[in-house]
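Put into structure tokens, the structure is as follows:
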């Protein structure tokens, strides 16, 4: 479930990144936007880049699985009254959550690179790491504004799903949960389902922003020459963009 949902999110993300990439590189040229940009981006994401997206999604899926396992174990230890075990799993879950955030953040820009240049996952990851070290890309601080807003919406939906799961178990009394043994597991599963589905629907909102900043970091001259109005507005609102992309 984790792998498929991550693959679906990243396929949508890579497809949208391909569309924005077509706009970024082609809209200011004499030929203009290519015909069927969305169809072409989806075809590349599900054929040429299928293996790269699947591999990157597997890494995130494994981390998410470990994080959820720690969450369930921590709740189990708390229910058993084991304070030491509960705290230990809580600390481990926090460390895994931090790793998940770092890998997810890095992966999204690596998938932008895959969509823009068609490279395999590992070369794209190396290029993305080099770009971030070389440029700093302070402009990517846009994540600090966009990311939390979308995340708060997803978390709200997942808590609602967990609440509805609890109410279902509380008032229907299914036979498999007469003693309440599966309440925590079912609530956790409902939480994850709500979070993943909501994030899938919110992916298009963040993908376009990330693609523009990533493309500007790799090829800033295209932004300056073909999209001068947008570039000037970015510089006006966030002057450090110029230092980040070495313009």
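In full-length UniProt numbering, the protein residues as written are 1 to 247.
Note that the Cβ used here is the ideal one computed from N, Cα and C, for glycine as well.
Counted within 10 angstroms of its Cβ, other Cβ atoms place residue i as buried (16 or more) or exposed
| i | result |
| --- | --- |
| residue 9 | buried |
| residue 148 | exposed |
| residue 129 | exposed |
| residue 6 | buried |
| residue 139 | Confidence in residue 139 is poor, its pLDDT being 46 and thus under 50, which makes the residue's placement unreliable; the coordinate value appears in the next sentence. Residue 139 should be labelled buried. |
| residue 81 | exposed |
| residue 232 | exposed |
| residue 198 | buried |
| residue 195 | buried |
| residue 46 | exposed |
| residue 239 | exposed |
Closest by C-alpha distance to residue i, when choosing among the options
| i | options | result |
| --- | --- | --- |
| residue 190 | 56, 154, 99 | 154 |
| residue 44 | 65, 26, 60, 21 | 21 |
| residue 226 | 14, 194, 19, 25 | 25 |
| residue 223 | 28, 11, 13 | 28 |
| residue 178 | 133, 13, 169, 164 | 169 |
| residue 16 | 212, 234, 218 | 212 |
| residue 166 | 176, 184, 157, 219 | 184 |
| residue 37 | 48, 19, 30 | 19 |
N-terminal and C-terminal residue of the alpha helix (DSSP H) that residue i is part of
| i | result |
| --- | --- |
| residue 29 | Per DSSP, residue 29 belongs to no alpha helix (DSSP H) and is neither H nor E. |
| residue 49 | Looking at the DSSP string, residue 49 is not in any alpha helix (DSSP H), and its letter there is neither H nor E. |
| residue 204 | 183–218 |
| residue 110 | 83–117 |
Whole-number beta carbon distance between residue j and residue i, since they are thought to touch under 8 Å
| i | j | result |
| --- | --- | --- |
| residue 63 | residue 103 | 6 Å |
| residue 174 | residue 12 | About 34 Å; that fails the 8 Å criterion. |
| residue 131 | residue 218 | 6 Å |
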